[in-house]
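S.K.: In the UniProt record's numbering, the protein residues as written are 1 to 175.
Just so it is clear, CB atoms sit at the ideal spot from N, CA and C, and this is done for glycine as well.
One structure is given below, represented as structure tokens, and several questions about it will come after.
Here it is in structure tokens:
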């Protein structure tokens with residue numbers, strides 16, 4: 001089990017007269033009071049800036065918790081974004097089977113061949129699974145079963161529904 005640790009990050013405060021500015025080193029002198037000298041090296045100024053809030057900057061424990069709640073297509077997409085996530089994200093047999101069982105429960109299309117090779121992502125995503133994942137990305141499955149809503153975002157209506165209808169109408173006009 002991972003435990004999350006809080007880091008002590010100093011809060012930025014307004015500069016008060018008589019105190020050392022945040023970008024200066026304080027150096028003791030023989031006369032007693034603290035005086036300011038040359039600007040601090042680049043490293044100390046970097047620490048004064050507020051930290052960027054990005055997904056990649058989260059602790060590994062949070063990344064691991066997030067990846068454990070992803071379904072197979074989302075985990076596979078995250079896995080291929082960087083070397084770090086490639087090593088972190090598990091897209092093993094259990095995740096593939098869970099995704100296929102969820103599709104069956106929703107009465108969605110599943111791989112139509114008798115054999116489904118679960119050994120690796122490359123072998124699993126050949127044939128009909130590749131087509132199913134493409135249809136999911138394009139929200140085509142959201143329209144396949146009225147009343148289910150958006151299967152990707154989990155909402156009652158699909159935000160891409162109108163786009164699909166207009167694409168279909170344009171396609172019909174072009175024929």
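Is it the case that the Cβ atoms of residue 131 and residue 93 are separated by a distance below 7 Å?
M.R.: Taking 7 Å as the Cβ cut-off, residue 131 and residue 93 do not qualify as a contacting pair.
S.K.: So, residue 79 versus residue 72, is the Cβ gap smaller than 7 Å?
M.R.: It is not a contact, given that the beta carbons lie outside the stated cut-off.
S.K.: Counting contacts by CB-CB distance shorter than 7 Å, is residue 79 in contact with chain D?
M.R.: This model lacks chain D altogether; it includes just one protein chain.
S.K.: Excluding the 5 residues flanking residue 99 on each side, which residues of the same chain have their C-beta closer than 8 Å to its C-beta?
M.R.: Taken in chain order, the residues that qualify are 71, 72 and 73.
S.K.: For residue 133 and residue 140, what's the separation of their Cα atoms in angstroms?
M.R.: Roughly 10 Å separates the two Cα atoms.
S.K.: Evaluate residue 157 with the Cβ neighbour count: other Cβ atoms within 10 Å of its Cβ, from every protein chain shown; 16 or more gives buried, anything less gives exposed.
M.R.: By the 10 Å Cβ count, residue 157 comes out exposed.
S.K.: How big is the Cα-Cα spacing for residue 148 and residue 137?
M.R.: Cα-Cα distance, rounded: 16 Å.
S.K.: Please identify the residue among 111, 88, 89 and 135 whose C-alpha is closest to the C-alpha of residue 97.
M.R.: Selected option, being the one with the closest Cα: 111.
S.K.: Which term fits residue 56, buried or exposed, when burial requires 16 or more other beta carbons within 10 angstroms of its beta carbon?
M.R.: When all chains shown are included, residue 56 counts as exposed.
S.K.: With a Cβ-Cβ cutoff of 7 Å, do residue 121 and residue 166 count as a contact?
M.R.: Their beta carbons are not under 7 Å apart, which means residue 121 does not touch residue 166 by this criterion.
S.K.: Give every residue of the same chain whose Cβ lies closer than 7 Å to the Cβ of residue 95, excluding the five residues on either side of it in the sequence, and list them in chain order.
M.R.: Once the five neighbours on either side are set aside, the close Cβ partners of residue 95 are 72 and 75.
S.K.: Apart from the five residues on each side of it in sequence, which residues of its chain come closer than 8 Å, Cβ to Cβ, to residue 123?
M.R.: Same-chain partners within the cutoff: 117.
S.K.: Using the beta-carbon count (16 or more within 10 Å), is residue 151 buried or exposed?
M.R.: Flag for residue 151 reads buried.
S.K.: Within 10 angstroms of the Cβ of residue 83, are there 16 or more other Cβ atoms? Answer buried if so, exposed if not.
M.R.: By the neighbour-count rule (16 or more Cβ atoms within 10 Å), residue 83 is not buried but exposed.
S.K.: What's the gap between the Cα of residue 207 and the Cα of residue 142?
M.R.: Summary: the structure shown does not reach residue 207, with the chain confined to residues 1 through 175, and so no result is reported for it.
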